[in-house]
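Residue numbers (the numbering used here), protein chains in the order written: chain A, 22 to 345; chain B, 172 to 345. Idealized CB from N, CA, C, for every residue including glycine. The structure displayed is predicted, hence computed values, not measured ones.
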């Protein structure tokens with residue numbers, strides 16, 4: 022796989038594709054969050070639309086299920102006045118055996134400007150970015166257990182809205198790190214933004230073997246791990262990606278690693294609780310916490326639109342300025 | 172011409188006088204004043220007070236409506252526009268500091284029309300300078316001046332309001 026930093030930027034060093042947080046710098050992450058601030062207020066306007074991407078065509082190619090990500094990408098593109106096509110893969114020719122590259126070639130022939138791609142295979146978005154015609158941009162909306170950069174950016178934006186300074190923050194990421202592309206992208210983003218500590222809390226069976234090489238501290242005990250934490254990020258137990266017997270039972274997982282009001286009380290009193298969704302109530306998080314005063318889970322969804330608007334407008338600028 | 176020869180209070184007086192005449196001649200009814208961020212808002216605040224308008228002053232940030240968006244990029248922390256929910260059939264006084272190419276006004280009108288269909292719109296600017304590029308003209312002005320293409324005139328403020336002239340290589344700047 023080509024290193025993402027060489028593939029993500031065009032010859033003018035502008036972001037052309039967003040495939041991974043890896044290779045981005047602090048200035049760029051900050052620029053995206055600053056731009057998202059400008060878009061966040063649009064939700065309160067009577068006309069929720071800007072003409073920035075008027076005349077552009079964006080294709081949402083989702084080979085995996087998604088509710089929040091696909092809907093917020095679609096809304097973000099529409100609020101920027103782009104034309105959006107949602108490819109329903111179940112009814113498309115892919116299910117008749119057309120290869121991924123053939124699908125892309127056919128969509129290219131329809132002169133689209135941007136692909137937003139979710140795929141079960143790690144590296145799918147890279148593969149497409151390497152193979153699309155010049156001038157077409159690719160945004161990774163989640164590939165296998167590799168990366169989910171827009172989710173990480175909206176999470177950083179949500180954190181910044183509540184906690185001003187990343188350098189003083191201790192952030193805990195709790196649960197199924199092994200299968201989580203969200204966790205990988207979050208860890209990279211938090212490192213780039215200079216978080217004081219990134220702590221992963223999970224049973225040994227749900228941690229990747231090389232986890233400490235990501236620059237995180239590790240805990241296998243939720244009560245110990247939550248001490249002094251400013252931001253609690255819960256992850257969904259990804260049962261669909263589990264091939265072996267990694268857990269004895271969901272109820273035992275909940276009793277050890279589920280976030281209850283009592284366990285949340287161990288973290289700092291002003292800690293915020295995040296979850297990329299969809300949440301499994303009673304598996305990784307108790308309803309009282311998910312719906313409680315410290316939860317910012319639904320804000321993450323709202324901010325997802327503003328952050329994706331910021332990313333799409335930034336990327337489209339790069340492709341407009343690229344000499345053809 | 173130097174900035175010193177342009178007195179902001181005199182320009183404000185001249186603009187106020189023209190606005191009063193135009194409001195009468197064009198028979199504007201219960202007008203709504205809108206200033207374009209940022210210099211236009213400063214001028215609009217003055218005119219709003221001097222004309223004793225009762226409706227709250229509206230604010231427009233046209234950054235996302237500019238036609239050179241893909242060249243200049245996003246301006247972080249764009250201020251949200253503050254317009255009343257109902258623009259439909261209203262009479263509007265649009266205020267900016269400097270009228271140059273006309274593109275800012277095109278963008279402002281596009282944004283206003285996204286909120287509804289106004290009845291009348293009149294445009295007042297503190298300074299009209301040469302360089303118009305599209306068929307849009309102000310109705311009321313504080314002064315009309317000619318500047319070389321490489322010079323750019325700018326209102327600084329909000330307090331005190333002052334005029335500066337900058338030399339720039341970019342003769343197409345808006």
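Who are the neighbours of residue i on chain A, taking C-beta pairs under 9 Å?
i             : result
residue 256/B : 67
residue 212/B : Going along chain A, no residue has its Cβ under 9 Å from residue 212/B, so there is no contact; the nearest lies around 17 Å.
Output the distance between the C-alpha atoms of residue i and residue j, rounded to the nearest integer angstrom.
i             : j             : result
residue 338/B : residue 179/B : 20 Å
residue 327/B : residue 171/A : 38 Å
residue 280/B : residue 73/A  : 16 Å
residue 127/A : residue 281/A : 49 Å
residue 48/A  : residue 218/A : 20 Å
residue 31/A  : residue 157/A : 11 Å
residue 216/B : residue 177/B : 20 Å
residue 258/B : residue 203/B : 9 Å
residue 228/A : residue 208/A : 13 Å
residue 169/B : residue 251/B : Residue numbering for chain B in the displayed model covers 172 to 345; residue 169/B lies beyond these limits and cannot be assessed.
residue 214/B : residue 60/A  : 26 Å
residue 79/A  : residue 197/A : 32 Å
residue 236/A : residue 285/B : 49 Å
residue 311/B : residue 325/B : 18 Å
residue 29/A  : residue 139/A : 17 Å
residue 188/A : residue 233/A : 20 Å
residue 296/B : residue 186/B : 7 Å
residue 230/A : residue 267/A : 14 Å
residue 191/B : residue 135/A : 51 Å
From the DSSP secondary-structure annotation, give me the bridge partner or partners of residue i.
i             : result
residue 204/B : 264/B
residue 240/A : 222/A
residue 299/B : 270/B, 315/B
residue 325/B : 335/B
residue 254/A : 194/A, 295/A
Could you check whether residue j and residue i sit closer than 8 Å to each other, using their CB atoms as the reference points?
i             : j             : result
residue 256/B : residue 67/A  : yes
residue 100/A : residue 63/A  : yes
residue 322/A : residue 89/A  : yes
residue 213/A : residue 42/A  : yes
residue 71/A  : residue 235/B : yes
residue 250/A : residue 191/A : yes
residue 247/A : residue 288/A : yes
residue 195/A : residue 278/A : yes
residue 173/A : residue 206/A : yes
residue 274/B : residue 305/B : yes
residue 18/A  : residue 329/A : Nothing about residue 18/A can be read from this structure; chain A reaches only from 22 to 345.
residue 166/A : residue 220/A : no
residue 294/A : residue 304/A : no
Using only alpha-carbon positions, find the residue among the options that is nearest to residue i.
i             : options                    : result
residue 179/A : 39/A, 58/A, 148/A          : 58/A
residue 184/A : 233/A, 315/A, 235/A        : 315/A
residue 169/A : 228/A, 132/A, 195/A, 210/A : 210/A
residue 239/B : 301/B, 272/B, 192/B        : 272/B
residue 154/A : 137/A, 129/A, 144/A        : 129/A
residue 200/A : 94/A, 60/A, 291/A, 141/A   : 141/A
residue 276/B : 189/B, 232/B, 225/B, 333/B : 232/B
residue 283/B : 213/B, 254/B, 300/B        : 254/B
residue 151/A : 312/A, 37/A, 274/A         : 37/A
residue 274/A : 231/A, 233/A, 222/A        : 222/A
residue 69/A  : 87/A, 51/A, 53/A, 96/A     : 96/A
residue 302/B : 270/B, 219/B, 294/B        : 270/B
residue 121/A : 83/A, 299/A, 46/A          : 83/A
Is any beta-carbon of chain D found at less than 8 Å from that of residue i?
i             : result
residue 189/A : In the displayed structure, chain D is absent; the protein chains listed are A and B.
What in chain B is Cβ-close to residue i, meaning under 9 Å?
i            : result
residue 70/A : 285
What in chain B is Cβ-close to residue i, meaning under 7 Å?
i             : result
residue 338/A : 241, 244
residue 73/A  : 235, 240
residue 341/A : 241
What I want to know is whether the C-beta of residue i ends up closer than 7 Å to one or more non-hydrogen atoms of the ligand COA.
i             : result
residue 311/B : The ligand COA is absent from the structure shown, which contains no ligand whatsoever.
Counting only Cβ pairs nearer than 7 Å, list the residues of chain A close to residue i.
i             : result
residue 307/B : Ordered by position in chain A, no residue passes the 7 Å Cβ test against residue 307/B, which lies about 18 Å from the chain.
residue 249/B : 59
Can you pull the chain B neighbours of residue i, defined as C-beta to C-beta under 8 Å?
i             : result
residue 206/A : Those within 8 Å of residue 206/A in chain B number zero; the least Cβ separation is about 23 Å.
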